[in-house]
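Numbering (the working numbering), first residue to last: 1009 to 1234.
The structure is reproduced here in structure tokens:
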């Protein structure tokens, strides 16, 4: 893979080894604006990589360092996600500036990038996550149009379960306990359900716990090879 170096000053030392990959969208009108922000000392935000819509990959922070991309977040008990993750910003205007599908060229560049990071650090598929997964009360990116299945087909992320689904008929409280066990912060219960749906049932994001949601979550909790 070819990278364009675009060094950001916004990083510090990790407090732990890498165990996660967090995918974001930039949520800005264009790539240059996102790069400028992530390279501005005043902004105090960054990521390790930024993938433009044409497939160009920019390297902003060395993977050995802690980039500042996750904010207040939590996943599977980890709260210093910046220390434990590699952050990838994917250029897309986002919900505020005209959310749109991710171009094929962009996804084609992202796939080997995720694969190389995953292999290099031994990241499990369940820890390749969306920003909305780790911060459901605050974030929606990379959003319901992100093609998670393209990653899942290559064993780079968990697929959305579709076969042999069995509704466990949990109560809503039981579903939330299971959702927390899976990894989500459920302090804002409805936002946690919406984040789960955005990731695993993007065709209907209504915040309602139903049989399909329960069945998908049960399937995801079953042991599977990483």
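Cβ atoms here follow ideal geometry from the backbone N, Cα and C, with glycine treated the same way. Everything numeric in this text was worked out from a predicted model, so none of it was measured.
Quick check on residue i: buried or exposed, where buried means 16 or more other Cβ atoms within 10 Å of its Cβ?
{"i": "residue 1040", "result": "exposed"}
{"i": "residue 1171", "result": "exposed"}
{"i": "residue 1182", "result": "exposed"}
{"i": "residue 1149", "result": "buried"}
{"i": "residue 1051", "result": "exposed"}
{"i": "residue 1264", "result": "The structure shown does not extend to residue 1264, since the chain is modelled only from 1009 to 1234, so the question has no answer here."}
For residue i and residue j, I'd like the C-alpha separation in whole angstroms.
{"i": "residue 1043", "j": "residue 1011", "result": "14 Å"}
{"i": "residue 1223", "j": "residue 1025", "result": "33 Å"}
{"i": "residue 1006", "j": "residue 1165", "result": "The structure shown does not extend to residue 1006, since the chain spans only 1009 to 1234, so no value can be given for it."}
{"i": "residue 1189", "j": "residue 1084", "result": "7 Å"}
{"i": "residue 1154", "j": "residue 1185", "result": "27 Å"}
{"i": "residue 1197", "j": "residue 1020", "result": "33 Å"}
{"i": "residue 1097", "j": "residue 1018", "result": "14 Å"}
{"i": "residue 1216", "j": "residue 1032", "result": "25 Å"}
{"i": "residue 1156", "j": "residue 1009", "result": "21 Å"}
{"i": "residue 1048", "j": "residue 1227", "result": "43 Å"}
{"i": "residue 1100", "j": "residue 1082", "result": "24 Å"}
{"i": "residue 1142", "j": "residue 1193", "result": "7 Å"}
{"i": "residue 1093", "j": "residue 1220", "result": "30 Å"}
{"i": "residue 1062", "j": "residue 1113", "result": "6 Å"}
{"i": "residue 1147", "j": "residue 1160", "result": "22 Å"}
{"i": "residue 1028", "j": "residue 1107", "result": "25 Å"}
{"i": "residue 1162", "j": "residue 1053", "result": "30 Å"}
{"i": "residue 1123", "j": "residue 1137", "result": "14 Å"}
Quick one: residues in its chain with C-beta nearer than 8 Å to the C-beta of residue i, no 5 flanking neighbours on either side, listed in chain order?
{"i": "residue 1105", "result": "1035, 1036 and 1037"}
{"i": "residue 1074", "result": "1019, 1020, 1021, 1022, 1023, 1090 and 1091"}
{"i": "residue 1121", "result": "1009, 1057, 1059, 1065 and 1096"}
Helix, strand or coil: which one does DSSP assign to residue i?
{"i": "residue 1213", "result": "coil"}
{"i": "residue 1201", "result": "helix"}
{"i": "residue 1173", "result": "coil"}
{"i": "residue 1046", "result": "helix"}
{"i": "residue 1011", "result": "coil"}
{"i": "residue 1230", "result": "coil"}
{"i": "residue 1038", "result": "coil"}
Within a Cβ cutoff of 6 Å, which residues of the same chain sit near residue i, ignoring the five residues on either side of it in sequence?
{"i": "residue 1013", "result": "1067"}
{"i": "residue 1145", "result": "1196 and 1199"}
{"i": "residue 1134", "result": "1166"}
{"i": "residue 1158", "result": "1115"}
{"i": "residue 1206", "result": "1140, 1152 and 1213"}
Give a single yes or no on whether residue i has its beta carbon closer than 6 Å to a heavy atom of the ligand NAD.
{"i": "residue 1091", "result": "In terms of ligand content, the structure shown is empty, and the ligand NAD therefore cannot be addressed."}
For residue i, which residues from the same chain have a beta carbon less than 7 Å from its beta carbon, with the 5 sequence-adjacent residues on both sides left out?
{"i": "residue 1103", "result": "1148 and 1151"}
Beta strand (DSSP E) runs wholly inside the stretch 1053 to 1090, at least 3 long, in chain order: Within the stretch 1053 to 1090, the complete beta strand (DSSP E) runs of at least 3 residues are 1057 to 1059, 1065 to 1067 and 1073 to 1075.
Contained alpha helix (DSSP H) runs [length at least 4] in the stretch 1090 to 1171, N- to C-terminal order: With a minimum length of 4 residues, the continuous alpha helix (DSSP H) runs that stay inside the stretch 1090 to 1171 are 1102 to 1105, 1112 to 1129, 1139 to 1142 and 1156 to 1160.
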